[in-house]
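A.B. asks: Be aware that the sequence shown starts at 0, since it is given in numbering that gives the first Met the number 0, and climbs by one per residue.
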Amino acid sequence: MSWFQKLKNGLGKTSAKVTGQLSSLLGRSKIDAASLEEVEDALIAADLGTQSAMRLAASMRKYKFDGPVTSESLAAALSDGITEILEPVAVPIVLRDDARPHVILLVGVNGSGKTTTAGKLAQQWRSEGKSVMLAAGDTFRAAAIEQLQIWGERTGTEVIAGSQGGDAAALAYTAIEKAAAAGTDVLIIDTAGRLQNRAELMDELAKIVRVIRKLDDTAPHDSIIVLDGTVGQNAISQVKAFREVADVTGLIVTKLDGSAKGGIVIALAEEFGIPVHAVGVGEGADDLQAFTARDFANALTGTSD
Ligand SMILES: Nc1nc2c(ncn2[C@@H]2O[C@H](COP(=O)(O)OP(=O)(O)OP(=O)(O)O)[C@@H](O)[C@H]2O)c(=O)[nH]1
Ligand SMILES: [Mg+2]
Numbered sequence: 000m001s002w003f004q005k006l007k008n009g010l011g012k013t014s015a016k017v018t019g020q021l022s023s024l025l026g027r028s029k030i031d032a033a034s035l036e037e038v039e040d041a042l043i044a045a046d047l048g049t050q051s052a053m054r055l056a057a058s059m060r061k062y063k064f065d066g067p068v069t070s071e072s073l074a075a076a077l078s079d080g081i082t083e084i085l086e087p088v089a090v091p092i093v094l095r096d097d098a099r100p101h102v103i104l105l106v107g108v109n110g111s112g113k114t115t116t117a118g119k120l121a122q123q124w125r126s127e128g129k130s131v132m133l134a135a136g137d138t139f140r141a142a143a144i145e146q147l148q149i150w151g152e153r154t155g156t157e158v159i160a161g162s163q164g165g166d167a168a169a170l171a172y173t174a175i176e177k178a179a180a181a182g183t184d185v186l187i188i189d190t191a192g193r194l195q196n197r198a199e200l201m202d203e204l205a206k207i208v209r210v211i212r213k214l215d216d217t218a219p220h221d222s223i224i225v226l227d228g229t230v231g232q233n234a235i236s237q238v239k240a241f242r243e244v245a246d247v248t249g250l251i252v253t254k255l256d257g258s259a260k261g262g263i264v265i266a267l268a269e270e271f272g273i274p275v276h277a278v279g280v281g282e283g284a285d286d287l288q289a290f291t292a293r294d295f296a297n298a299l300t301g302t303s304d
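1) Take GLY192 as the anchor and find which of VAL185, LEU186, GLY182 and LEU204 has the nearest alpha-carbon.
2) Quick check on ASP221: does DSSP put it in helix, strand or coil?
3) Ordered along the chain, which non-local residues of its own chain (more than five positions away) have a Cβ less than 7 Å from that of LYS5?
4) I'd like to confirm something about SER222: is its beta-carbon nearer than 7 Å to some heavy atom of ligand 1, or not?
5) Is it true that the CB of THR69 sits closer than 8 Å to the CB of ALA45?
6) So what does DSSP say about ASP256, is it helix, strand or coil?
7) Is it true that the CB of ILE224 sits closer than 8 Å to the CB of PHE241?
8) Whole-angstrom Cβ separation of LEU133 and VAL102, contact assumed at under 8 Å?
9) Are the segment 87–105 and the segment 205–220 touching, with three or more C-beta to C-beta distances below 8 Å?
10) Report whether the distance from the Cβ of LYS113 to the nearest heavy atom of ligand 2 is below 7 Å.
11) From the DSSP output, in three-state form, read off LEU94 for me.
12) Examine the Cβ distances between the segment 7–21 and the segment 41–61 and report whether three or more of them are shorter than 8 Å.
13) For HIS101, write down the residues that DSSP places opposite it in a beta bridge.
14) Are the CB atoms of GLN163 and ILE144 within a distance shorter than 8 Å?
15) Pick out whichever of SER126, VAL275 and TRP150 has its Cα sitting closest to the Cα of GLY283.
16) Taking only the alpha-carbon atoms, compute the straight-line gap between SER111 and GLY261 and give it to the nearest angstrom.
17) Which value, in whole angstroms, describes the spacing of the CA atoms of ARG60 and ASP166?
18) Below 7 Å, is the gap between the Cβ of ALA142 and the nearest heavy atom of ligand 2?
19) Taking 7 Å as the cut-off, does the CB of GLY192 come closer than this to any heavy atom belonging to ligand 2?
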């Protein structure tokens, strides 16, 4: 199955929700002012957020429908509007030539997909011939180190690990030193999941960032929040909280291979304007895809290509 097909199947529940709610528009000759609110409500119900729902509804009103609205033309109009919102944030991770290692810090709440994403990113750069190291910065949860080590074996990547209960900031420091000494291209630091309202855990994350900067004040070069694409609106407050302590520079949204709340990606784009680097579409090493606006918009609206 192509990754687009995976994404399209995965977002099927979301697109059914969006298009289902809008089915009352079918057969009309245009989206008139009276229908605007209907469109907005339908989009809000599909987790798009108020701002982007209003913007999309307005862009659909301007859309030139060629005859009565059909499910195809409705999907096309939606896809165009969504693409426009997503295009500015569809930005890949760009590795810096002047940084050895380019340090990537992965942060987020429990179970969002950080460790899996660390493995997938390692796989991606290894297959491009880059040298990669993984750092087991989750010293908190039992078996977290082993989980990352399995990803290391699976992707042929060296894992820098300490012991459970150890200081995560110190581990990050050691890992950067080792990666620098080896001339490694990319160092991906996994961290423990933490809820955004747990102050002491958020302080620990701030400390990891401070300690990393002692070694390289341009690092982490990417501070990426990994978001579970099935949680919906809570992702917004997660980004707000993690942005405060970890200077989040980009997002990766996982579990879009089975989310009824995929519309959250649009809400995130509209709210923060922060790059969406990639999306997770499965649990395997190759199930991380670069984020492209048109493909995502087509998948979300059930448009074929
Ligand atoms: N279907 C699907 N499952 C995913 C995806 N990404 C991660 N998972 C699964 O989600 C679960 C949690 O993933 P982890 O990578 O362990 O999440 P984490 O953020 O490291 O979790 P903690 O370290 O406990 O905070 C695992 O069962 C993964 O296989 C994805 O894109 N699609
Ligand atoms: Mg983890």
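C-beta: ideal position from N, C-alpha, C; glycine also.
C.D. replies: So, from the listed chains and residues:
1) LEU204
2) strand
3) ASP256, VAL280 and GLY281
4) no
5) no
6) coil
7) yes
8) Rounded, the Cβ-Cβ distance is 12 Å, inconsistent with contact.
9) The segment 87–105 vs the segment 205–220: in contact.
10) yes
11) coil
12) yes
13) Per DSSP, VAL185.
14) yes
15) TRP150
16) 14 Å
17) Computed Cα separation, rounded: 55 Å.
18) In this structure, ALA142 has its CB at a distance of at least 7 Å from all heavy atoms of ligand 2.
19) Checking the 7 Å criterion, the Cβ of GLY192 is within range of a heavy atom belonging to ligand 2.
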